[in-house]
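Chemist:
There are 2 protein chains.
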Amino acid sequence: MKSFKISEAVIRRLPIYLRFLNDLSLSGIQTVSSQDLGEKLDLNPAQIRKDLAYFGEFGRKGVGYNVDYLIEKIRHILKLDKPLNVALVGTGNLGRALCNYNMYLKDNMKIVAVFDADEAKRGTRINHLTVQPMRELKDVVKTLDISVGIITVPAQEAQTVADQFSASGVKGILNFAPVVLRAPAGVRIHHVDFTAELLSLAYYMDDHTEDKSEGVFE
Amino acid sequence: MKSFKISEAVIRRLPIYLRFLNDLSLSGIQTVSSQDLGEKLDLNPAQIRKDLAYFGEFGRKGVGYNVDYLIEKIRHILKLDKPLNVALVGTGNLGRALCNYNMYLKDNMKIVAVFDADEAKRGTRINHLTVQPMRELKDVVKTLDISVGIITVPAQEAQTVADQFSASGVKGILNFAPVVLRAPAGVRIHHVDFTAELLSLAYYMDDHTEDKSEGVFE
DNA sequence: TAGATTGTTAATCGATTAACAATC
DNA sequence: TAGATTGTTAATCGATTAACAATC
């Protein structure tokens, strides 16, 4: 048994591989090479082979990778082969949109509870879920065995919610609020920062378009 | 006049700096050091100084950075000092949530047109905007001088929409669909991949919590 | 002045890519 | 077998961090 440190960059690519492999599987394609994957996903084939090789020898030399086998392996690596319960806090437009997003189901991840700080929203229904007040958070996380929290509250409330999630025993947080959050060791935070993505996009407009990465300054 | 290649990593941090500086400015704080910024944003102070130094000498030795001056500079670097018009395609839950998101205004970026492939949705109102059919896209992009497109359609339609955006003269695309998109040179694509963020979060659950970056495999 | 903090160079660290022997 | 493609090492590339002279 060997022990590796797997870099974050590698782990972040695995869901990209998984998603495309699922498409291939649905199209009835049985085998894929790192070459094929690289072309479709805009990545270097050597990088893909190296990423996968951290976890085992999943391919066959001269042949490529069996699509369904690789799907199974990646799902196992990412721990998507067992159900993962998710709680969401913040039932604004974005929070409600995510609750309606149905993709979680097919990956064994599922939003099982929804909370809002606004007591007036208590009892409101979103899909099959009923909005609960924040003071229930800790109990519900324990009872329903929730391990991931999603934050879709305004920026100024996000750190408080992150703290409440951490205290309640959640192990991962997906933050949509446009603010850098902190969590204690043992709680991992991923940040979906679409406002930053949009603002940084502005940099590449106009005069930077001819040459993708050159900026001119005095 | 010098010419630099500014790395993507640097550009992606600028909006993070900008956001926090705006908070400081609103709190009436006039001066900030790279030390302060680093602590709050969880970044190395040397990295922050280096990032800023690519674009000029914005700080004062022994003192730090003037908050409002730095805001002005970063806004200029990111080209947020002139208005940028944005079009959105796909009026599902997520698309409507983004239209209602009001932050664009204060950064001179504004969604000025909304489209949907479903002709039945034509004329539907979202806030002050009226949903238009896709065949109007090219004309509207030209007429309203739109330079950025947001994609919030299902994965299987996203590449088609990206192609239509590119053909219409848009220079940047923010894609929310869970699929890798391609665009011709001169059109930059940023990807907001929250499904991938969520799936990769699963990897860090349980046994990985003691040591943040160690994975154990046979 | 003494203390603080920048701007910048050099050192380090880590991630990507090329190359190729192994082998299907 | 001949052609293809993996797994893996070595080379390259790029990004982060440490250190410190300059100077406010």
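Respectively, the protein sequence lines represent chains A and B.
Going by my numbering, the first sequence opens with residue 1, and the numbers climb by one from there.
Going by my numbering, the second sequence opens with residue 1, and the numbers climb by one from there.
All C-beta atoms in this analysis are idealised placements derived from N, C-alpha and C, irrespective of residue type, glycine included.
Just so we're clear, the structure is a prediction, and the values are computed from it rather than from any experiment.
1. Quick check on DSSP: helix, strand or coil for residue 60 of chain A?
2. Mapping DSSP to helix, strand and coil, what is residue 92 of chain B?
3. Can you pull out the residues from the stretch 75–86 of chain B whose beta carbon lies closer than 9 Å to at least one beta carbon of chain A?
4. Identify every run of the alpha helix (DSSP H) within the stretch 126–157 of chain A, keeping only runs that are complete inside it and at least 4 residues long; order them along the chain.
5. Which residue's Cα is closest to the Cα of residue 192 of chain B: A/201, A/187, A/69?
6. Helix, strand or coil for residue 33 of chain B? Go by DSSP, reduced to three states.
7. Distance cutoff 8 Å, beta carbons only. Does residue 116 of chain A sit that close to anything in chain B?
8. Can you give the Cα-Cα distance for residue 164 of chain A and residue 40 of chain B, rounded to whole angstroms?
9. Spatial neighbours of residue 110 of chain A within its chain, please: CB distance less than 8 Å, with the 5 preceding and 5 following residues excluded, ordered by chain position.
10. Would you mind sorting residue 63 of chain A into buried or exposed? The rule is 16 or more other CB atoms within 10 Å of its CB.
11. Are the beta-carbon atoms of residue 158 of chain B and residue 187 of chain B separated by less than 8 Å?
12. If the criterion is Cβ atoms closer than 8 Å, does the pair residue 88 of chain A and residue 143 of chain A meet it?
13. Cutting at 7 Å between CB atoms, please list the residues of its own chain near residue 170 of chain B, excluding the five before and the five after it.
14. On the criterion of 16 or more Cβ atoms from any shown chain inside 10 Å, does residue 90 of chain B qualify as buried, or is it exposed?
15. Going by DSSP, what residues sit across from residue 114 of chain A in a beta bridge?
16. Cβ atoms of residue 120 of chain A and residue 155 of chain A: under 8 Å apart, would you say?
17. For a contact defined as C-beta to C-beta under 7 Å, what are the partners of residue 198 of chain B on chain A?
18. My parser needs the beta strand (DSSP E) runs of 3 or more residues fully inside the stretch 156–187 of chain B; what are they?
19. So if I threshold CB-CB distances at 8 Å, which residues from the stretch 29–47 of chain A count as touching chain B?
20. Could you spell out the range, first to last residue, of the alpha helix (DSSP H) harbouring residue 26 of chain B?
21. Put residue 203 of chain B into one of helix, strand or coil per three-state DSSP.
22. Just to make sure I have the definition right: I need the residues of chain B whose C-beta is within less than 8 Å of the C-beta of residue 137 of chain A. Which are they?
23. What do you get for residue 30 of chain A, buried or exposed, if any count of 16 or more other CB atoms within 10 angstroms of its CB means buried?
24. Between residue 171 of chain B and chain A, is there a C-beta pair that is closer than 8 Å?
25. Going by the DSSP bridge assignment, what does residue 189 of chain A pair with across the sheet?
26. Under 9 Å between beta-carbons, which chain A residues line up against residue 205 of chain B? List them in chain order, please.
27. Could you tell me if residue 190 of chain A is buried or exposed, where buried requires 16 or more neighbouring beta carbons within 10 angstroms of its beta carbon?
28. Rounded to a whole number of angstroms, what is the C-alpha to C-alpha distance between residue 99 of chain A and residue 185 of chain B?
29. Once the 5 residues before and after residue 168 of chain B are set aside, which same chain residues still bring their CB inside 6 Å of it?
30. Within the same chain, show all residues whose beta-carbon is closer than 7 Å to that of residue 212 of chain B, passing over the 5 residues directly before and after it, in chain order.
31. Establish whether the CB of residue 194 of chain A and some CB of chain B are separated by less than 8 Å.
32. When the Cα atoms are used, what is the spatial distance from residue 69 of chain B to residue 77 of chain B?
33. If contact means a Cβ-Cβ distance below 9 Å, which residues of the stretch 8–23 of chain A contact chain B?
34. My output table needs one value for residue 65 of chain A: the three-state DSSP class, helix, strand or coil.
35. Does DSSP classify residue 79 of chain B as helix, strand or coil?
36. Assuming residue 121 of chain B is part of the alpha helix (DSSP H), what are its boundary residues?
Modeler: With the given structure in hand:
1. Numbered from its first residue, the first sequence carries residue 60 of chain A at position 60. Strand.
2. Residue mapping note: residue 92 of chain B aligns to position 92 of the second sequence, counting from 1. Here residue 92 of chain B sits in coil by DSSP.
3. 77, 78, 79, 80, 84, 86
4. 137–143
5. Within the second sequence, the letter at position 192 stands for residue 192 of chain B. For the residues A/201, A/187, A/69, the minimum Cα distance to residue 192 of chain B belongs to A/201.
6. Here residue 33 of chain B refers to the residue found at position 33 when the second sequence is read from its first residue. Of the three classes helix, strand and coil, the one that applies to residue 33 of chain B here is coil, per DSSP.
7. Counting from 1 along the first sequence, the entry for residue 116 of chain A is found at position 116. For residue 116 of chain A, the answer is no, since every Cβ of chain B falls outside 8 Å of its Cβ.
8. Start at 1 with the first residue of the first sequence, and residue 164 of chain A comes out as number 164. Start at 1 with the first residue of the second sequence, and residue 40 of chain B comes out as number 40. One C-alpha to the other measures close to 20 Å.
9. Sequence index remark: in the first sequence, residue 110 of chain A carries index 110 (1-based). Closer than 8 Å at the Cβ level, and outside the excluded window around residue 110 of chain A, lie 83, 84, 85, 86, 104.
10. Position 63 of the first sequence, counted from the start, is the residue given in the question as residue 63 of chain A. Residue 63 of chain A should be labelled exposed.
11. Locating residue 158 of chain B in the second sequence gives position 158, where the first residue counts as 1. Locating residue 187 of chain B in the second sequence gives position 187, where the first residue counts as 1. Result no, Cβ atoms of residue 158 of chain B and residue 187 of chain B do not sit closer than 8 Å.
12. As a first step, residue 88 of chain A must be located in the first sequence, where it is residue number 88. As a first step, residue 143 of chain A must be located in the first sequence, where it is residue number 143. Not a contact, by the Cβ cut-off of 8 Å.
13. Along the second sequence, read from residue 1 onward, the residue named residue 170 of chain B stands at position 170. If we look at residue 170 of chain B and ignore the five residues flanking it on each side, its Cβ neighbours are 141, 146, 147, 148, 149, 187.
14. Numbered from its first residue, the second sequence carries residue 90 of chain B at position 90. Counting Cβ neighbours within 10 Å, residue 90 of chain B comes out buried, since at least 16 surround it.
15. Numbered from its first residue, the first sequence carries residue 114 of chain A at position 114. Answer by DSSP bridge pairing, in chain order: A/88, A/131.
16. Counted from its first residue, the first sequence places residue 155 of chain A at position 155. Counted from its first residue, the first sequence places residue 120 of chain A at position 120. Contact: no.
17. By 1-based counting over the second sequence, the position of residue 198 of chain B is 198. Neighbours of residue 198 of chain B on chain A, chain order: 109, 174.
18. 172–175
19. 40, 41, 42
20. Mapped onto the second sequence, residue 26 of chain B falls at position 26. Its alpha helix (DSSP H) spans residues 8–26.
21. Position 203 of the second sequence holds residue 203 of chain B. The answer is helix: DSSP assigns residue 203 of chain B an H, G or I state.
22. Indexing the first sequence from 1 puts residue 137 of chain A at position 137. Simply none; closest approach about 19 Å.
23. Walking along the first sequence from the start, residue 30 of chain A turns up at place 30. The residue is exposed, with fewer than 16 neighbouring Cβ atoms inside 10 Å.
24. Residue mapping note: residue 171 of chain B aligns to position 171 of the second sequence, counting from 1. With 8 Å as the cut-off, residue 171 of chain B counts as an interface residue toward chain A.
25. Walking along the first sequence from the start, residue 189 of chain A turns up at place 189. According to DSSP, residue 189 of chain A bridges with A/173.
26. In the second sequence, counting from the first residue as 1, residue 205 of chain B sits at position 205. Those are 79, 84, 147, 148, 171, 172, 188, listed as they occur along chain A.
27. The sequence position of residue 190 of chain A within the first sequence is 190, counting from 1. Burial call: buried.
28. Position 99 of the first sequence, counted from the first residue, corresponds to residue 99 of chain A. Position 185 of the second sequence, counted from the first residue, corresponds to residue 185 of chain B. The alpha-carbon atoms of residue 99 of chain A and residue 185 of chain B are separated by roughly 36 Å.
29. What you label residue 168 of chain B is simply residue 168 of the second sequence in a count that begins at 1. So the list reads 137, 138, 141, once near-sequence residues are dropped.
30. Numbered from its first residue, the second sequence carries residue 212 of chain B at position 212. Residue placement at residue 212 of chain B is poorly supported in this model, since its pLDDT is 36, which falls under 50; the coordinates still yield a value, given next. Closer than 7 Å at Cβ, skipping near neighbours: no residue.
31. The count along the first sequence starts at 1 and reaches residue 194 of chain A at position 194. Taking Cβ atoms only, chain B reaches closer than 8 Å to residue 194 of chain A, which makes this a yes.
32. Here the question's residue 69 of chain B lines up with position 69 in the second sequence. Here the question's residue 77 of chain B lines up with position 77 in the second sequence. Going by the C-alpha atoms only, they are around 12 Å apart.
33. 8, 11, 12, 13, 14, 15, 16, 18, 19, 20, 23
34. By 1-based counting over the first sequence, the position of residue 65 of chain A is 65. Strand, per DSSP.
35. As a first step, residue 79 of chain B must be located in the second sequence, where it is residue number 79. Of the three classes helix, strand and coil, the one that applies to residue 79 of chain B here is coil, per DSSP.
36. Counting from one through the second sequence, the residue named residue 121 of chain B turns up at place 121. From DSSP, residue 121 of chain B is part of no alpha helix (DSSP H); its letter is neither H nor E.
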